[in-house]
Amino acid sequence: MRFLMTALADDNKPDEKLFTEMAKFIDETTAAGILLATGGLEAGGVRLTSAGDEITVTDGPFTEAKEAVAGFALIEVRSREEAIELGRRFRQIVGDGVSVIQQVYGPQG
Amino acid sequence: MTAVHRTVDAVWKLESARIIAGLTRLVHDVGLAEEFAQDALVAALEQWPSAGVPDNPGAWLTTIAKRRAIDHIRRSERLDRKHEELARDLDQQPDQQPDDVLRLMFISCHPVLPTAARVALTLRLIGGLTATEIARAFLTTEARITQRIAAAKQTLADERVPFELPAGPELAGRLSSVLEVVYLIFNEGYAASAGDDLIRADLCLEALRLGRQLAELAPDEPEVHGLVALMEIQASRSAARIGPNGEPVQLHEQNRGRWDQLLIRRGFTAMLRARDLGRPPGPYVLQAAIAVCHAQAPTAEDTDWRQIAALYGALARLLPTPIVQLNRAVAVGMSAGPQAGLDLVDALLTDPALQNYHLLPGVRGDLLARLGRPAEARREFERAAALTANSAEREFLRRRAERLADDAPPSLSLGQATADFLRREDLDAQTLRAYAQTLRRLCLAVGESLPLAELTPDRVAQTFELAWAGAAARTWNRHRAAVRSFSAWADLPDLARTLDRRTEPPSLRRGLDLVELWARELPLRERVLWRLLAESSAGPRSVLALNVDDLDLDERRAWTGKTWITWRSQTASLLPGLIAGRERGPVFLADRRRGPGRPPAAADVCPHTGRTRLSYERAEYLFKQATGHTLRDLRES
Chain A
1 MRFLMTALAD
11 DNKPDEKLFT
21 EMAKFIDETT
31 AAGILLATGG
41 LEAGGVRLTS
51 AGDEITVTDG
61 PFTEAKEAVA
71 GFALIEVRSR
81 EEAIELGRRF
91 RQIVGDGVSV
101 IQQVYGPQG
Chain B
1 MTAVHRTVDA
11 VWKLESARII
21 AGLTRLVHDV
31 GLAEEFAQDA
41 LVAALEQWPS
51 AGVPDNPGAW
61 LTTIAKRRAI
71 DHIRRSERLD
81 RKHEELARDL
91 DQQPDQQPDD
101 VLRLMFISCH
111 PVLPTAARVA
121 LTLRLIGGLT
131 ATEIARAFLT
141 TEARITQRIA
151 AAKQTLADER
161 VPFELPAGPE
171 LAGRLSSVLE
181 VVYLIFNEGY
191 AASAGDDLIR
201 ADLCLEALRL
211 GRQLAELAPD
221 EPEVHGLVAL
231 MEIQASRSAA
241 RIGPNGEPVQ
251 LHEQNRGRWD
261 QLLIRRGFTA
271 MLRARDLGRP
281 PGPYVLQAAI
291 AVCHAQAPTA
301 EDTDWRQIAA
311 LYGALARLLP
321 TPIVQLNRAV
331 AVGMSAGPQA
341 GLDLVDALLT
351 DPALQNYHLL
361 PGVRGDLLAR
371 LGRPAEARRE
381 FERAAALTAN
391 SAEREFLRRR
401 AERLADDAPP
411 SLSLGQATAD
421 FLRREDLDAQ
431 TLRAYAQTLR
441 RLCLAVGESL
451 PLAELTPDRV
461 AQTFELAWAG
471 AAARTWNRHR
481 AAVRSFSAWA
491 DLPDLARTLD
501 RRTEPPSLRR
511 GLDLVELWAR
521 ELPLRERVLW
531 RLLAESSAGP
541 RSVLALNVDD
551 LDLDERRAWT
561 GKTWITWRSQ
571 TASLLPGLIA
581 GRERGPVFLA
591 DRRRGPGRPP
601 AAADVCPHTG
611 RTRLSYERAE
621 YLFKQATGHT
631 LRDLRES
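As structure tokens, then:
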């Protein structure tokens, strides 16, 4: 089962310790064959809206900074509980804030 | 399962390998280590529901497990200073080292274990799967898996398999055993060999994870990356290889849009890592390279079959298995034309390893269809369908067969003829059963729909060679007799004419139960003859040649003209009854007088009764009827 874990932006200022712990977490989940892809997202971005024949392109930001997705991790695990467990570990590292876990349906089903 | 239970299960699956590996390094016994880890799991199941899941569940489980290990050592019967020290060491040593899990993989895939045990143990110790989960994946019972794992742990303990990383040349050998287990698990999931699911996805994922883990643990081994690349790319096609009705979709017909690009890219990356190590490619790297070729082709028509055929050529040199040869034939069939492929396939027809492998007729059918030989192709697909155990695949092959036009004029098929032949009423049931066995095997080998007229002695000989080459002479001859009888009935020239009759070795003396024989109600003549043979150790012919006047009953012996035959009490007590006052003529007499056709020699006729001497053939027949053995066996038992 694949899950996309997204983390919403927060006010925490990343420090040296956070970077080391994150690197360790990423190494561990990669080594365990769990982490398939990960990345951070720019704040804002571009929004495309279609209405009728019209497509409008607008530059961000669109929401409160706190509600924007700041990063993602695509993981492959055996159960939803495993995904949640990994999410818990991630939250413990990054501190206060919000993550969302969604199952990814795709070629692999 | 409650939510907490599911959480405990998830944590366990994520952590158990590291915990067990760390403990094994300390206590040097996988079985013991797993027991302590299980104790920790039980503790978690007891405490977490009320106390909540701890912040660092992995560390929590490790601490508990270690504490159990120390308790165990302190409590153990041979409590002495050494144990006390060990327990103290244990308390101070770090929980794990980076190579622990790799060591554990080497142990659970150790060559002292049978393959099935390696698979079960790896899934259990590294994958953290329960016996129930493993049993379900391998379509067997939980009890059998539990027992298999227990036996494996015992073997490891008995053989004192060390918890260490093998060095030098041994590493390569041991590593290949690990790779083999991982790929075996993957294939069990990918190409479910039986049942109705074409894919048991969980097993694929488990194998992929094991492989990815292995690649991080042993990054300098190209074959590890090769295996990972191979599995990632194969797994990338999972969704595309099954049609809407569960039927298999062949590679060149797959919708490439459904291939998982993420996995393909991961496969390519793994392949590059393998290549960067700059060593001659091994079997997994070569297979991965073939998978890469397929994945790189935007459409089936763009496939670089020439390159794939070359890679299969290299693979066949490293790994000349019949399956590799068969795949190579497919590639050659694509790059150099169907006839070239068919030539290679036909060379495999006599390979015993492939005789029940449905892909052999499947591939042949494909090549024959492309060569414009639909009738033959159709038969091959039907044969392939009869051989596969997977129902979705069977359906698919049947449909392929049906789609091929059969322009040949209707003719009596082998299957039809067999059915007619087995409906005969002039044979007893036992004979028919035996004949049916032979002919069904023949039908399976050459295809039921083969027109009877096209069945040649060569095809029959081929089947015999494949099916019964190693069989006992008696079995071989029985099958041969069945084919001869069938040929005669069908008015065909003898289809078994190229098959030699095999000489049957003397039957085993073992199994002739004399106690049981003497306990039976037997006619006096047989009882005496058989007792005499058993007690005298004389040959049946010389015993049957005895005349009444040769006997010296008091001395328990008889003169054969060359030598004395002697016997003991049982024969002695029976003989007078058989002679019944006769003074001359054969001792052993036939039941009936001989007919007028061939008058017997005077010496073979009893002057008292007019009956002739019991013939060797008749005596042999009677004994065989009664015991299944020959008279010669009696003499030596």
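First to last, the protein sequences are chains A and B.
Per UniProt numbering, the very first residue in the first sequence carries number 1; after that it's consecutive.
Per UniProt numbering, the very first residue in the second sequence carries number 1; after that it's consecutive.
A virtual CB, placed ideally from N, CA and C, is assigned to each residue, including glycine.
Comparing alpha carbon positions, the residue from A:78, A:7, A:85, A:89 closest to residue 42 (chain A) is A:7. Nearest CB-CB separation between residue 213 (chain B) and chain A: below the 8 Å threshold. Chain order gives the chain B residues near residue 36 (chain A) as 262, 263, 266, where near means a beta carbon separation below 9 Å. In the three-state DSSP reduction, residue 62 (chain A) falls in the coil class, being neither helix nor strand. Burial is judged here by how many other beta carbons sit within 10 angstroms of a residue's own beta carbon; residue 627 (chain B) has at least 16 and is buried. In this structure, the CA atom of residue 61 (chain A) is about 16 Å from the CA atom of residue 11 (chain A).
In the three-state DSSP reduction, residue 5 (chain A) falls in the strand class (E or B). Among the bridge pairs identified by DSSP, residue 557 (chain B) is matched with B:552, B:566. At a beta-carbon threshold of 8 Å, none of the residues of chain B lie near residue 103 (chain A); the nearest stands roughly 14 Å away.
Contacts with chain B (Cβ-Cβ distance below 9 Å) from the segment 76-105 of chain A involve 76, 77, 78, 79, 80, 81, 82, 83, 84, 85, 86, 88, 89, 92, listed in chain order. In the three-state reduction of the DSSP assignment, residue 54 (chain A) falls in the strand class.
Leaving aside the five residues that flank residue 458 (chain B) on each side, the residues in its chain whose CB is nearer than 8 Å to its CB run, in chain order, 498. Looking at the backbone, the Cα of residue 317 (chain B) and that of residue 363 (chain B) are separated by about 21 Å. When DSSP reads this structure, residue 74 (chain A) sits in a beta bridge with A:4, A:37. DSSP, reduced to helix, strand and coil, places residue 213 (chain B) within a helical segment of the structure shown. Taking the C-beta atoms as reference points, residue 266 (chain B) is found no nearer than 8 Å to residue 301 (chain B).
In its chain, beyond the 5 residues on either side, 385 have a beta carbon closer than 6 Å to the beta carbon of residue 398 (chain B). What residue 9 (chain B) touches in chain A, judged by beta-carbon distance under 8 Å, is 79, 81, going in chain order. In the assembly as shown, residue 430 (chain B) is an exposed residue. Its beta-carbon has fewer than 16 other beta-carbons within 10 Å. For the 8 Å CB-CB criterion, residue 70 (chain A) and residue 32 (chain A) do not form a contact. Shown here, residue 126 (chain B) sits in coil according to DSSP, grouped into three states, outside any helix or strand. Between the segment 64-77 of chain B and the segment 142-153 of chain B, the count of Cβ pairs shorter than 8 Å is below three; the stretches do not touch. Between the segment 327-339 of chain B and the segment 293-312 of chain B, the count of Cβ pairs shorter than 8 Å is three or higher; the stretches touch. By alpha-carbon distance to residue 375 (chain B), the top candidate from B:447, B:245, B:537, B:418 is B:447. The alpha-carbon separation between residue 164 (chain B) and residue 246 (chain B) amounts to approximately 45 Å. Under the criterion of beta carbons closer than 8 Å, residue 614 (chain B) and residue 544 (chain B) qualify as touching, at roughly 6 Å. Taking the Cα of residue 288 (chain B) as reference, the smallest distance to any Cα among B:298, B:306, B:269, B:299 is reached at B:269. For the pair residue 263 (chain B) and residue 252 (chain B), the Cα-to-Cα distance works out to about 19 Å. Contact between residue 102 (chain A) and residue 4 (chain A) holds, with the beta-carbon distance rounding to 5 Å and staying under 8 Å.
For residue 455 (chain B), the closest alpha carbon among the candidates B:494, B:585, B:426 is that of B:494. When only Cα atoms are considered, residue 159 (chain B) and residue 16 (chain A) end up about 49 Å apart. The beta carbon of residue 306 (chain B) sits closer than 6 Å to those of 335, all from its chain and outside the five residues before and after it, given in chain order. Less than 8 Å divides the Cβ of residue 81 (chain A) from the Cβ of residue 6 (chain B).
If you check each beta-carbon in the segment 216-246 of chain B against every beta-carbon of chain A, the ones closer than 7 Å belong to 216, 238, 239.
Ranked by how close their Cα comes to the Cα of residue 151 (chain B), the residues B:174, B:112, B:180 have B:112 in first place.
Pairing residue 125 (chain B) with residue 69 (chain B) gives a Cβ-Cβ distance that is not under 8 Å.
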